[in-house]
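Chemist: Sequential numbering of the sequence shown, starting at 75, is according to the working numbering.
Glycine included, every Cβ here is placed at the ideal spot set by N, Cα and C.
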Amino acid sequence: MTRWLLVFAVVFAASCSRGNTAAPGATSATPGPPAPAALPAPAKRSTPFAVVELFTSEGCSSCPPADENLSAIAAKARPGVYALSFHVDYWNDLGWRDPYSAAAYSERQRRYADKLDGHRVYTPQLIVNGTDQMVGSDRAASRRAIDRALEAPVTEELGIEPVSTRDGKLRVRWHASAAQGLLLSLAVVQSQGEKAVTRGENAGRTLSHANVVHAFQSRRMQERDGASEIAIGADVIRERAWLIGYLQRESDLRVVAAAAEPLDS
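1) Candidates A214, R213, L190, A223: which alpha carbon is nearest Q207's?
2) Which one of A149, I147, R171, T205 has the shortest CA to CA distance from D326?
3) I need the boundaries of the beta strand (DSSP E) containing A334, first residue and last residue.
4) Drop a sphere of 10 angstroms on the beta-carbon of A112, count the other beta-carbons inside from all chains shown, and report buried for 16 or more, exposed for fewer.
5) Taking Cβ positions, are L232 and A333 nearer each other than 8 Å?
6) Taking C-beta to C-beta, are L257 and V246 nearer than 8 Å?
7) Name the residue from R213, R240, G210, H161 whose alpha carbon lies nearest to the alpha carbon of I306.
8) Relative to the alpha-carbon of E324, which residue among S131, A252, V310, I147 has its alpha-carbon at the smallest distance?
9) Helix, strand or coil: which one does DSSP assign to D167?
10) Tell me, please, which residues DSSP counts as bridged to H283.
11) Roughly how many whole angstroms lie between the Cα atoms of Y156 and V125?
12) Taking all protein chains shown into account, do 16 or more other C-beta atoms lie within 10 angstroms of the C-beta of D299, making it buried, or fewer, making it exposed?
13) In the DSSP assignment, the alpha helix (DSSP H) including E181 goes from what residue to what residue?
14) According to DSSP, is S216 part of a helix, a strand, or is it coil?
15) Expressed to the nearest angstrom, what Euclidean distance is found between the alpha-carbon atoms of E235 and A331?
16) Which one or two residues does DSSP pair with F290 in a beta bridge?
17) Report the residue from A289, Q322, N276, P227 whose alpha carbon sits nearest the alpha carbon of P139.
18) Between the segment 218–232 and the segment 156–166, do three or more beta carbon pairs fall short of 8 Å?
19) Tell me the rounded alpha-carbon separation between F123 and P153.
20) Are the CB atoms of E132 and D172 within a distance shorter than 8 Å?
21) What is the DSSP secondary structure of P236, reduced to helix, strand or coil?
22) Which whole-angstrom value describes the C-beta separation of S302 and W248, a residue pair presumed to lie in contact below a C-beta threshold of 8 Å?
23) Please state if the CB of Q266 and the CB of A284 are separated by a distance shorter than 8 Å.
24) Thinking just about the alpha-carbon of each residue, which of T197, L244, P336, Y320 is nearest to the one in V329?
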């Protein structure tokens, strides 16, 4: 089943999408076994980077190949490559509620659609550094986009530090080389998740995911130094979790700096 959201009715053979409804929600997950190779590779702040955001759903039959592609990208552990799996919630009324999904992730994808050519929202969609989008299962296209990103000059710097966790909130300190016109995005990802799907388009399959986003926050930068708190669930296992931060231009959502730190450091 493939249905497009928003304005254009375009069919991609390798993608699925459907109508656009969203309500506030939260994520939960059943983690799989530890997978060190799937963790994002930390990079120095001046190192070229590629922030790879996959928008996916366990309710979409075209998404498992894209999940596998993101897992392969994460497992390769190239320095400066940060893979994130955002599970959207607009498939949840088709028989299977994705336990990783959140309305906020669907809204994030729609925000990208407002900026990207075509103004489309679909799954699986892969976006590299905020501006280069493709069908998430297209390994060749994603590899080329990552290579281009890693060859681009770095214009800004970002440093992040997970400080403490108290009352279900992670406190993060950050420092950036600039603030004007920038957004700071912070994501808590867990290295691996696995779920047996019993209904919907993927009924009968056990799906594995890498770097699933469990918590996310995006804010307008007011100053170059500061601190934030991110609500995280009890299901986040610190030994398998990373904090990924990235700066984006508010005008076009291009990523201009990125960094990652393990939560158990």
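Modeler: Reading from the atomic positions:
1) Working through the sequence shown from its first residue, we reach residue 207 at position 133. With distances taken between Cα atoms, Q207 lies closest to L190.
2) What you label residue 326 is simply residue 252 of the sequence shown in a count that begins at 1. Of the candidates A149, I147, R171, T205, the one whose C-alpha sits nearest the C-alpha of D326 is T205.
3) Taking the first residue of the sequence shown as position 1, residue 334 is located at position 260. Taken as a continuous stretch (DSSP letters only), the beta strand (DSSP E) holding A334 covers 329–336.
4) By 1-based counting over the sequence shown, the position of residue 112 is 38. In this prediction, A112 scores a pLDDT of 42, lower than 50, which makes its location untrustworthy; no coordinate-derived value is stated.
5) One-based indexing of the sequence shown puts residue 232 at position 158. One-based indexing of the sequence shown puts residue 333 at position 259. Yes; because the gap between Cβ atoms is below 8 Å, this pair is in contact.
6) Taking the first residue of the sequence shown as 1, we reach residue 257 at position 183. Taking the first residue of the sequence shown as 1, we reach residue 246 at position 172. Taking C-beta atoms as the reference points, L257 and V246 fail to come closer than 8 Å.
7) Here residue 306 is taken as the residue at index 232 of the sequence shown, counted from 1. It is R240.
8) Working through the sequence shown from its first residue, we reach residue 324 at position 250. Of S131, A252, V310, I147, the residue nearest in Cα terms is A252.
9) Taking the sequence shown and counting its residues from 1, one reaches residue 167 at position 93. Coil, per DSSP.
10) Position 209 of the sequence shown, counted from the first residue, corresponds to residue 283. Bridge partners of H283: G267.
11) Working through the sequence shown from its first residue, we reach residue 156 at position 82. Working through the sequence shown from its first residue, we reach residue 125 at position 51. Approximately 5 Å between the Cα atoms of the pair.
12) Working through the sequence shown from its first residue, we reach residue 299 at position 225. Within a 10 Å sphere around the beta-carbon of D299 sit fewer than 16 other beta-carbons, which makes this residue exposed.
13) The residue you call residue 181 lines up with position 107 of the sequence shown. Annotation: the continuous alpha helix (DSSP H) that includes E181 extends over 177–189.
14) Position 142 of the sequence shown, counting from 1, holds the residue named residue 216. Helix at S216.
15) For the purposes of this step, residue 235 is taken as residue 161 along the sequence shown, with counting starting at 1. For the purposes of this step, residue 331 is taken as residue 257 along the sequence shown, with counting starting at 1. E235 and A331: Cα-Cα distance of roughly 15 Å.
16) Your numbering for residue 290 matches position 216 in the sequence shown. F290 is bridged to A261.
17) Residue mapping note: residue 139 aligns to position 65 of the sequence shown, counting from 1. Minimum Cα distance to P139 is reached at N276.
18) no
19) Here residue 123 refers to the residue found at position 49 when the sequence shown is read from its first residue. Here residue 153 refers to the residue found at position 79 when the sequence shown is read from its first residue. Whole-angstrom Cα-Cα distance: 8 Å.
20) By one-based count along the sequence shown, residue 172 stands at place 98. By one-based count along the sequence shown, residue 132 stands at place 58. For D172 and E132, yes; Cβs fall inside 8 Å.
21) One-based indexing of the sequence shown puts residue 236 at position 162. Strand.
22) In the sequence shown, counting from the first residue as 1, residue 302 sits at position 228. In the sequence shown, counting from the first residue as 1, residue 248 sits at position 174. Going by Cβ atoms, the distance from S302 to W248 rounds to 7 Å, so yes, they are a contact pair.
23) As a first step, residue 284 is located in the sequence shown; it is residue number 210 there, counting from the start. As a first step, residue 266 is located in the sequence shown; it is residue number 192 there, counting from the start. Yes, they are a contact pair.
24) Here residue 329 refers to the residue found at position 255 of the sequence shown. For the residues T197, L244, P336, Y320, the minimum Cα distance to V329 belongs to Y320.
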